[in-house]
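Participant: In terms of the numbering used here, the numbers along the sequence shown are unbroken and rise by one, the last being 229.
Note that CB positions come from ideal geometry on N, CA and C, so glycine has one too.
Shown below is the structure under consideration.
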Amino acid sequence: MSFDRCIKIAPSILSADFANFGAEIQAIEAQGADWVHIDVMDGHFVPNLTFGPPAVKAFRPHVKTVMDVHLMIAPVDPYIQAYADAGADILTAHIEAGPHTHRTLQAIRTAGMKAGVALNPGTPADAVEHLLDLTDLVCVMTVNPGFGGQKFIDMTDKVRKLRQMIGDRPVHIEIDGGVDPITAPLVAAAGADVLVAGSAVFKGGSVSSPEVYGKNISAVRDAAQSAAA
Ligand code: DX5
Ligand code: ZN
1 MSFDRCIKIA PSILSADFAN FGAEIQAIEA QGADWVHIDV MDGHFVPNLT
51 FGPPAVKAFR PHVKTVMDVH LMIAPVDPYI QAYADAGADI LTAHIEAGPH
101 THRTLQAIRT AGMKAGVALN PGTPADAVEH LLDLTDLVCV MTVNPGFGGQ
151 KFIDMTDKVR KLRQMIGDRP VHIEIDGGVD PITAPLVAAA GADVLVAGSA
201 VFKGGSVSSP EVYGKNISAV RDAAQSAAA
């Protein structure tokens, strides 16, 4: 994985057909997805349950781009190796998930993955200042995590501040929650480069009409690119 700040669209398969993940992943990649975003929820850190390591491992052979795994679980550390074995390229943990995010990021890198840190809407940018040399991606949540299809919460000031703090470091800024062609330009202008989108990508499409995914992906990408910082 080489680093760049071009706009990347990462569809969240939380909005895919849960009976057909392999075909859904292939469809979004064929239609222009840059990364595939996988939302792992534990029913404890967030009020919903999704994918354990065996499910993520089953997705792996279908993902030809980048498998971006977003852990919404606490604790994180006991599961790092399992998600490495499942084939995650990027593993993102929430800073709110425990007292030792510094150690968690080190462990993720030691396990051979890129390390991401996610911030809930209520957590300020300053919270990650001392972690920036240990991280490859900062995920700014623009909804309270747990569900797809929620309304975007404006975090553009936080994104701008992070972009400044990051400077020349090769650290992505990812936006997660409520991203669509209306909200994407706001965060792209503030300095975000990875846009997660669940409902905005999958709405109206299916594996039998995948061109809708392509249209939806292009709509988010074009809107973001026209505003990118
Ligand atoms: C929220 C998840 C998101 C979510 C995005 O907890 O982390 O990735 O699925 O879905 P939309 O784009 O529908 O808000
Ligand atoms: Zn996510």
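So the alpha helix (DSSP H) residue 165 belongs to, where does it begin and stop?
Facilitator: For residue 165, the enclosing alpha helix (DSSP H) has its first and last residue at 156-166.
Participant: Is residue 130 near the ligand DX5, with its Cβ less than 7 angstroms from a heavy atom?
Facilitator: no
Participant: Roughly how many angstroms separate the alpha carbons of residue 137 and residue 119, rounded to a whole number?
Facilitator: If I take the Cα positions, the gap works out to 11 angstroms.
Participant: Cβ atoms of residue 166 and residue 131: under 8 angstroms apart, would you say?
Facilitator: no
Participant: What is the DSSP secondary structure of residue 114, counted as helix, strand or coil?
Facilitator: In this structure, residue 114 counts as strand in the three-state DSSP scheme.
Participant: With distances taken from CA atoms, which of 162, 125, 98, 134 is nearest residue 110?
Facilitator: 134
Participant: Alpha carbon to alpha carbon, how far is residue 170 from residue 4? Give it in angstroms, no decimals.
Facilitator: 8 angstroms
Participant: Sorted by chain position, which residues of the same chain lie with C-beta nearer than 7 angstroms to residue 183's C-beta, five sequence neighbours on each side aside?
Facilitator: Correct list, in chain order: 152.
Participant: Beta carbon of residue 2: closer than 7 angstroms to some heavy atom of the ligand DX5?
Facilitator: The answer is no for residue 2.
Participant: Let's see if you can read the secondary structure: which residues bound the alpha helix (DSSP H) around residue 182?
Facilitator: That residue, residue 182, is in no alpha helix (DSSP H); it is neither H nor E in DSSP.
Participant: In whole angstroms, what is the alpha-carbon distance linking residue 44 and residue 50?
Facilitator: Approximately 12 angstroms between the Cα atoms of the pair.
Participant: Is it buried or exposed for residue 100, if we count other Cβ within 10 angstroms and need 16 for buried?
Facilitator: exposed
Participant: From which residue to which residue does the beta strand (DSSP E) around residue 11 run?
Facilitator: 8-11
Participant: For residue 7, collect the residues of the same chain with a Cβ closer than 7 angstroms to its Cβ; drop the 5 residues on either side in sequence, then sort them by chain order.
Facilitator: 188, 193, 195, 221, 224, 225, 228
Participant: Just checking residue 66 against the ligand ZN - is the residue's beta carbon closer than 7 angstroms to any of the ligand's heavy atoms?
Facilitator: no
Participant: In chain order, what residues place their C-beta within less than 6 angstroms of a heavy atom belonging to the ligand ZN?
Facilitator: 12, 37, 39, 70, 176, 196
Participant: What do you get for residue 204, buried or exposed, if any count of 16 or more other CB atoms within 10 angstroms of its CB means buried?
Facilitator: exposed
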